[in-house]
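**Student:** Structure below; questions to follow.
Number of protein chains: 2
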Amino acid sequence: MRRIARSPADLKIRAVRGWPARHGAEAPHLALTAAERAELARLAEVIEYRSRGSQIFLQGAPAGFIHLLAEGVVRSYHMLPNGERQILAFHWPGDLFGLAENDRFVNSAETVLPSVVYRFAVPRLSAFLRANPALQEGFLVKAMHDLRNTQRQLIVMGRFDIARRLAAFLLDCSGHETYYNPGKHLLTLPMNRYDIADYLGTSVESISRSFGRLEKDGLLRRQGAEVELKPAKLKALVYRT
Amino acid sequence: MRRIARSPADLKIRAVRGWPARHGAEAPHLALTAAERAELARLAEVIEYRSRGSQIFLQGAPAGFIHLLAEGVVRSYHMLPNGERQILAFHWPGDLFGLAENDRFVNSAETVLPSVVYRFAVPRLSAFLRANPALQEGFLVKAMHDLRNTQRQLIVMGRFDIARRLAAFLLDCSGHETYYNPGKHLLTLPMNRYDIADYLGTSVESISRSFGRLEKDGLLRRQGAEVELKPAKLKALVYRT
DNA sequence: CGTGACTTTGAGGAATTTCAAACAATGTGG
DNA sequence: CCACATTGTTTGAAATTCCTCAAAGTCACG
C-alpha cells in the first residue's frame, strides 16, 4: 500500500439513474462537473495497492472512510464465524464501497487485481456533500444503483441453479470492457474459481463442473485463462424458461 | 384502494446510520423535524389498501412514484418468465420502496396486510430533496440501510441451509414489535408459508419441514397462527459455527 | 357445514456438497 | 533455466440436502 498523486480526471462514479433526469440513452457514469471532480479529489487520499489480495479494510474495524475505486478490481466479502466466506460484490472502477454499521465496517475488502483507491474521511465527505446537494444526489443515485444490483443478485441466488448463476455472472462481467473483447467475445476473468464460488454461494467444484456443462452445451469455450462467450446463448439460459 | 386524509405525525423513515452522527444509542428511525414531516406529507398522496394481497404496482409499469409505507406490511417481489417468484423484501412502516430502472418499476409490490402508503411523484420529491439537503441525506442514509439489509440477506441465501435461513428470518421479524410480544416471545407472522418460501429461495414444503425441525430441536413452538420463539437458541443457530 | 386456502407429511429423485486425488499453471531459489 | 513448491483447476464417487409430486390434515369463512 502506497499513497500516490493522481489526477482528478479518472475520478468517476459508476451508476445509472432509476428515473432518468432526461430521456434518451442513459450514461453508465454520473455526470460530474470538473469542479466537483477536482473538489472530491482534493478531499481524498489516493492509495495504490500493488499486488493481488491486498487487504483494504477488515470487517469489524473502525470505519472512518468511504472508498472509491479508481482502477483495478476489488471484492467485498463477509466472513462467518465458521470460516465460510460470502463475497457480496466485485467492485469495478467508479464503484463506492465500505458500508458501515455503528462505525464499524460490516464487510472486508481486498484487491482482486492491483488497484488504486480514493479514500474519503467520512466527516469531511459528509460535510462536503451537505454543501453540494447535486453531488449528494449523485451519491443517492449510486446507492440505489447498488441496491438494484444487490437485489438482482438475490434473485439469482434464490431461483437459479449453479450453471445459470454462472451464466448470469459471466454476462455481468462482460459488461466491463477492460476485461471483455466484444469483437472476439473473449472474457478475461480477473478473479479465480474460489472467488466465483464464494460470490455465487457454492463450491469451487460446482463452479468447475458448471463451466464444463456450459462448454459441453456450447454456451462458452474455455481457453486457458480466458473464456469465449456465446452471449446470445448465455442470455437465453439466463432469461428464458 | 382509496385515498384518505392522514396526519403527518405517522410519517417516519426507518433507518439507522452506518456512521452515527453522534455517538450513543442509535434511534431506529431518522430524526425528521416537524416541518420536514409536514412538508413531505403535503407532497404525498395517501393511499389506503383495505385488503391483503392488493397490488400497489407491477414490475415493468411506468415508475413515476416513490412509496413510503405508513402502516401495514408490504412485499416487493420479482417474477421470472417461468412464473417463479422471488420476494426481495418485506416492508414495514417507515420503509421506502419502488426501485426503478429506465423509468420502469423493477419489481412488483403487494400488501401482505391492509396497509397505508404515502405516494410521492418523483419529480416533485426530487425537487424537494434538492432544496432540503438534510432530508436528502436522510434518504441516502435510508438507501444505505436497505443496502446493508439486502447484503445481509445475500449472506443468508449464499451460506445458510433452509432451517438456518428460517431462524434468521424469524429473528428479523421479531424486531418489529407490532407483531412480536417480547415478554411471551410470541411472534404473529403477517405472511404465509408461501411468502416465506419465496423470500428464502425455497419451497413451502421445505419451510414447513424446517419449522418442524426447529420445533423438534426446541428452538420454537408453533401455536396456531403464532410462533413462540426461543431467541437465544435461534441466535445460537444463526450466528454460531 | 362445506369450500377453498393454507399447512403438513411422505416418498422418490435430482442437484449439490464433500472428500479425495489428479492435473495444470505459476513462480522461486538454486 | 530447471526442479520443485505452491496455487489454482478439474474430475470422480459417495453422501446429503432439497425439490417435486402426491395426498392428507387444518383452518377460516360464507
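Residue numbers (the working numbering), protein chains in the order written: chain A, 1 to 241; chain B, 1001 to 1241.
C-beta atoms are modelled at their ideal positions from N, C-alpha and C, and glycine is treated no differently.
Quantities reported herein were computed from a predicted structural model and do not represent experimental measurements.
(1) Might you give, ordered along the chain, the residues of its own chain that have their beta carbon closer than 7 Å to the beta carbon of A/Val122, omitting 5 neighbours on each side?
(2) Could you name the residues that DSSP lists as bridge partners for A/Val227?
(3) Determine whether the beta carbon atoms of B/Leu1237 and B/Arg1164 lie at a separation below 8 Å.
(4) Less than 8 Å between the C-beta atoms of A/Ala70 and A/Val116, yes or no?
(5) Which residues in the same chain have their Cβ closer than 8 Å to the Cβ of A/Arg148, if we skip the five residues on either side of it in sequence?
(6) Between B/Gly1218, B/Tyr1179, B/Gly1158, which has its C-alpha nearest A/Leu80's C-alpha?
(7) Less than 8 Å between the beta carbons of B/Arg1014 and B/Pro1028, yes or no?
(8) For B/Asn1102, which three-state DSSP category applies?
(9) Please say whether A/Gln59 and A/Phe97 have beta carbons closer to each other than 8 Å?
(10) Does chain A have any CB closer than 8 Å to the CB of B/Val1122?
(11) List the DSSP bridge partners of B/Thr1150.
(12) Would you mind telling me which residues of chain A sit closer than 7 Å to B/Phe1057, beta carbon to beta carbon, in chain order?
(13) What three-state label does DSSP hand B/Gln1059 in the structure shown?
(14) Counting along the chain, where does the alpha helix (DSSP H) carrying B/Ile1196 start and finish?
(15) Between the region 1150 to 1179 of chain B and chain A, which residues of the former have a C-beta closer than 7 Å to a C-beta of the latter?
(16) Using 8 Å as the threshold, is the C-beta distance between A/Phe120 and A/Ala44 below it?
(17) Measure the alpha-carbon distance for A/Met144 versus A/Thr150 and round it to whole angstroms.
(18) With a threshold of 8 Å between beta carbons, is B/Asn988 in contact with chain A?
(19) Rounded to whole angstroms, what is the Cα-Cα separation between B/Arg1221 and B/Val1073?
(20) Let me see if you follow: with CB-CB separation under 8 Å, is B/Glu1084 close to chain A or not?
(21) When you compare only the Cα positions, how much space is there between B/His1185 and B/Gln1223?
(22) Less than 8 Å between the beta carbons of B/Gly1083 and B/Lys1012, yes or no?
(23) Just to make sure I have the definition right: I need the residues of chain B whose C-beta is within less than 7 Å of the C-beta of A/Phe139. Which are they?
(24) Going by CA-CA distance only, name the one from A/Leu229, A/Ser208, A/Leu135 that's closest to A/Gly218.
(25) How would you call A/Ala61, buried or exposed, if buried means at least 16 neighbouring beta carbons within 10 angstroms?
(26) Using a Cβ cut-off of 7 Å, pull out every chain B residue sitting near A/Tyr239, in sequence order please.
(27) Any chance you could list the alpha helix (DSSP H) runs of at least 4 consecutive residues sitting entirely within the region 1103 to 1143 of chain B, in chain order?
(28) Have a look at A/Asp10 and A/Glu137 and give me their C-alpha separation to the nearest angstrom.
(29) Output, in chain order, the set of chain B residues within a Cβ distance shorter than 7 Å of A/Gln136.
(30) Quick one: residues in its chain with C-beta nearer than 6 Å to the C-beta of A/Val156, no 5 flanking neighbours on either side, listed in chain order?
(31) Which residues mark the beginning and the end of the beta strand (DSSP E) in which B/Leu1069 is found?
(32) Within 10 Å of its beta-carbon, does B/Arg1075 have 16 or more other beta-carbons around it, so buried, or fewer, so exposed?
(33) So, using beta-carbon positions, are B/Leu1187 and B/Ser1208 closer together than 8 Å?
(34) In whole angstroms, give me the CA-to-CA distance for A/Ser210 and A/Gly201.
(35) Have a look at A/Leu88 and A/Thr111 and give me their C-alpha separation to the nearest angstrom.
(36) Please name the residue, chosen from A/Pro8, A/Tyr49, A/His78, that lies closest to A/Thr33 on a Cα-to-Cα basis.
**Tutor:** Considering the structure as presented:
(1) Gly64, Phe65, Ile66
(2) A/Leu187, A/Arg222
(3) yes
(4) yes
(5) Gly18
(6) B/Gly1158
(7) yes
(8) coil
(9) For A/Phe97 and A/Gln59, no; Cβs fall outside 8 Å.
(10) yes
(11) B/Thr1150 is not bridged to any residue.
(12) Those within 7 Å of B/Phe1057 in chain A number zero; the least Cβ separation is about 13 Å.
(13) coil
(14) 1193 to 1200
(15) Those would be Thr1150, Gln1151, Gln1153, Leu1154, Ile1155, Met1157, Gly1158, Arg1159, in chain order.
(16) yes
(17) Their backbone Cα atoms lie some 10 Å apart in a straight line.
(18) The question about residue 988 of chain B has no answer, for chain B in this structure spans 1001 to 1241.
(19) 24 Å
(20) yes
(21) 12 Å
(22) no
(23) Leu1140
(24) A/Leu229
(25) Taking a 10 Å sphere around the C-beta of A/Ala61, we find fewer than 16 other C-beta atoms and assign the residue as exposed.
(26) Pro1081
(27) 1122 to 1131
(28) 20 Å
(29) Pro1133, Gln1136, Glu1137, Leu1140
(30) Arg165, Ala168
(31) 1065 to 1071
(32) buried
(33) no
(34) 13 Å
(35) 14 Å
(36) A/Pro8
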